[in-house]
């Protein structure tokens, strides 16, 4: 009799302490130790997104990178937005997309530029021939333990990148999205259980969760589904560019029920599902991928 393919989730990925490390902005995945697993060697597609035309923000590393690789292997053409300076990571993603036989479009735009959302959507539509899937994933996170030392400019920048840009990108893309399209946001466990050193970041993630449900109510009449993914502690470059207190990094993610940090590839199937026709009756939902930490909307 064939044995079932069971894998212990506690030991499936890196489960040791992380080294203390940091990077200057923008942090790059290819300089991380250990390297996050974004499914480069493991994700196998099943044509669930054949000929879809996808825009992913923050698609050069981490969760966005994992989604880009998975979507391409599921048959989609993919445009990825990334911050100028992250070209080395973005070029790697483009190569994986092309190796899957799909078209890759690179969009180096800074979302702090108020003209960037319109410009990147326009370029994605032109080069892909349209859009039917948005993965709104780009984020800015900076740890600050004391609100009295939290620069208001940081707060403004975090809100601009994390949530204001989502409004702008959806507004720019909506005229091109046909019925059957899917919009997927990346919120966070921080929306439901905020850390005291991530006040501005956590507040934006709560706003994203609310935005996701409200937008779903608006767009259901157009046949467009809107859902969100709420990651827990995931090993990404976001954590290394002052995203965590340096002393906390070695134990990052080890207080979850799985006793380890998550890897970006562990979220990819959720994004694929929410984008696909398999999720035809799923909208206005937030899916937690948290290693056991509870989310409550």
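Numbering (my numbering), first residue to last: 893 to 1189.
In this text, a Cβ means the ideal position worked out from N, Cα and C, and glycines have one as well.
All figures in this text were calculated on a predicted structure; none of them were measured in a lab.
query	result
May I ask you to verify whether the stretch 918-937 touches the stretch 954-965, counting CB pairs closer than 8 Å and requiring at least 3?	yes
Need the endpoints of the beta strand (DSSP E) that residue 1119 sits in, please.	1117-1123
Can you tell me which of the three DSSP states residue 1081 falls into?	helix
Can you tell me where the beta strand (DSSP E) with residue 1195 in it begins and where it stops?	Because the chain in this structure spans residues 893 to 1189, residue 1195 falls outside the shown range and cannot be described.
What is the rounded straight-line gap between the Cα of residue 1159 and the Cα of residue 955?	7 Å
Where does residue 902 fall in DSSP's three states?	coil
Is it true that the CB of residue 1024 sits closer than 8 Å to the CB of residue 1085?	no
Could you tell me the distance, in whole angstroms, from the CA atom of residue 1042 to the CA atom of residue 1036?	6 Å
What residue range is occupied by the uninterrupted alpha helix (DSSP H) comprising residue 988?	979-991
In angstroms with no decimal places, state the Cα-to-Cα distance between residue 953 and residue 896.	33 Å
Could you work out which residue in 985, 981, 1137, 1075 is closest to residue 1164 when comparing CA atoms only?	1075
Going by alpha carbons, who is nearest to residue 1137 out of 915, 906, 1100?	915
Do you know how far the Cα of residue 990 is from the Cα of residue 1099?	35 Å
Taking residue 921 as the reference, which of 951, 907, 1054, 944 has the closest Cα?	951
Can you have a look at residue 925 and say buried or exposed, based on whether 16 or more other CB atoms are within 10 angstroms of its CB?	exposed
Round the Cβ separation of residue 1033 and residue 1135 to the nearest angstrom and send it over; I've been treating them as touching at under 8 Å.	4 Å
In three-state terms, what does DSSP make of residue 957?	helix
Have a look at 1133, 970, 1107 and flag the residue whose alpha-carbon is nearest the alpha-carbon of residue 999.	970
Which term fits residue 1020, buried or exposed, when burial requires 16 or more other beta carbons within 10 angstroms of its beta carbon?	buried
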